[in-house]
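Input: a single structure, listed below in structure tokens.
Numbering (our numbering), first residue to last: 665 to 990.
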């Protein structure tokens, strides 16, 4: 499974049904401030560390007219930990995106684009200047969805279907000590560490579907509480990844003649990456529970928590959001 699938975050496509429930064009523009946490796994030297990056987010939703809305969002997460008290790990994630939606009766049609960056730094606690690994993945996604929402007796329902394409670039820089000569001919400073680099890129396409339901309890004429759940399922149709360069040398297809050049490159770098392709078979679900408290006119507080289904790790996530409507 490719790297852009392993580091899951709640994707924008997953929240479309919630937006269909809560608002439609012409209701109100809003400014949202949030704080949330997600899960991330870091593998290093046969060890796997589970991390919980957390951080703030900001979103702006503008009504262009009675039928169109446009949204902008930015969010960042970070965390630091260690692996067996030997390696320090720092993780920083950032995402920004935009979405435009068209509403007609009970239907909503949306297009979205967003960028995501995952920056992970692992260093030896004893020798941070001589042994570390820096892993940076940058990805971008474009997609669309269509949804339908309806209500009955203060119950709200929606279904949504979407598609998404994406591409990503990954670069790994690794610094490690050279083994000392044996036997050492003379005493002296240790040899300088070696620097290894590897760059890969890839693309993917996926389909998604979701259903949601919610119940609204009015408190006064202008205030109330909305509680609901959302279940979504994402299926990757295809994914390709390829090696771009290793140690500054561009990757080239193997020649027809004999030669161990490819194996030599792998032996020198010491990297083992997810190089290959995937066609179908990578699917996962997401179950979310949420509550929206509109207890003050023009203000609301939202709580959201959930976990993934069909993955090796049932990773959890949560967020708190304060919204001002104008």
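Don't be surprised by glycine CBs; every beta carbon is placed ideally from N, CA and C.
- Message: Assuming residue 974 is part of the beta strand (DSSP E), what are its boundary residues?
- Response: Counted from its first residue, the chain shown places residue 974 at position 310. Careful: residue 974 lies outside any beta strand (DSSP E) and carries neither H nor E.
- Per DSSP, which one or two residues make a beta bridge with residue 756? Looking up residue 756 in the chain shown gives position 92. Bridge partners of residue 756: 742 and 783.
- Would you mind reading off the limits of the beta strand (DSSP E) that contains residue 955? Counting from 1 along the chain shown, the entry for residue 955 is found at position 291. Unbroken beta strand (DSSP E) run through residue 955: 946-960.
- Task: Inspect the beta-carbon positions of residue 706 and residue 697 and report whether they are closer than 7 Å.
- Result: Reading the chain shown from its first residue, position 42 is the one you call residue 706. Reading the chain shown from its first residue, position 33 is the one you call residue 697. Contact flag unset, no.
- Message: On a Cα-Cα basis, can you pick out the residue from 830, 767 and 860 that is closest to residue 795?
- Response: In the chain shown, the residue the question calls residue 795 occupies position 131. The shortest C-alpha separation from residue 795 is found at 860.
- Is it buried or exposed for residue 962, if we count other Cβ within 10 angstroms and need 16 for buried? Stepping through the chain shown from its first residue, residue 962 is reached at position 298. Answer is exposed; the Cβ neighbour count stays below 16.
- Item | Given residue 761 as reference, the closest of 777, 770, 751 and 767 once Cα atoms are compared | Within the chain shown, residue 761 is the residue found at index 97, counting from 1. Ranking 777, 770, 751 and 767 by Cα distance to residue 761 puts 777 first.
- residue 735 vs residue 763 beta-carbon contact at 7 Å: Here residue 735 refers to the residue found at position 71 when the chain shown is read from its first residue. Here residue 763 refers to the residue found at position 99 when the chain shown is read from its first residue. In contact: residue 735 and residue 763 (Cβ atoms closer than 7 Å).
- First and last residue of the uninterrupted beta strand (DSSP E) at residue 692: Numbered from its first residue, the chain shown carries residue 692 at position 28. Run containing residue 692: none; DSSP gives neither H nor E here.
- Task: Would you give the residue range spanned by the beta strand (DSSP E) that residue 797 belongs to?
- Result: Here residue 797 corresponds to residue number 133 of the chain shown, with the count starting at 1. It spans 796-816 - the beta strand (DSSP E) in which residue 797 sits, taken as one unbroken run.
- Let me know if residue 903 comes out buried or exposed under the rule of 16 or more other beta-carbons within 10 Å of its beta-carbon. The residue you call residue 903 lines up with position 239 of the chain shown. Result: buried.
- Query: When the Cα of residue 746 is compared with those of 790, 869 and 865, which residue comes out closest?
  - Reply: Along the chain shown, read from residue 1 onward, the residue named residue 746 stands at position 82. Considering only alpha carbons, the answer is 790.
- Query: In terms of residues, what are the limits of the beta strand (DSSP E) holding residue 718?
  - Reply: Your numbering for residue 718 matches position 54 in the chain shown. Note, residue 718: beta strand (DSSP E), 718-727.
- Query: CA-CA distance, residue 893 and residue 820?
  - Reply: What you label residue 893 is simply residue 229 of the chain shown in a count that begins at 1. What you label residue 820 is simply residue 156 of the chain shown in a count that begins at 1. Using only the alpha carbons, I get a separation of about 11 Å.
- Message: Checking 7 Å against the spacing of the C-beta atoms, do residue 956 and residue 890 come in under that value?
- Response: For the purposes of this step, residue 956 is taken as residue 292 along the chain shown, with counting starting at 1. For the purposes of this step, residue 890 is taken as residue 226 along the chain shown, with counting starting at 1. Going by C-beta atoms, residue 956 is nearer than 7 Å to residue 890.
- Query: Going by other Cβ atoms of all chains shown within 10 Å of its Cβ, with 16 needed for buried, is residue 710 buried or exposed?
  - Reply: In the chain shown, the residue the question calls residue 710 occupies position 46. Answer is exposed; the Cβ neighbour count stays below 16.
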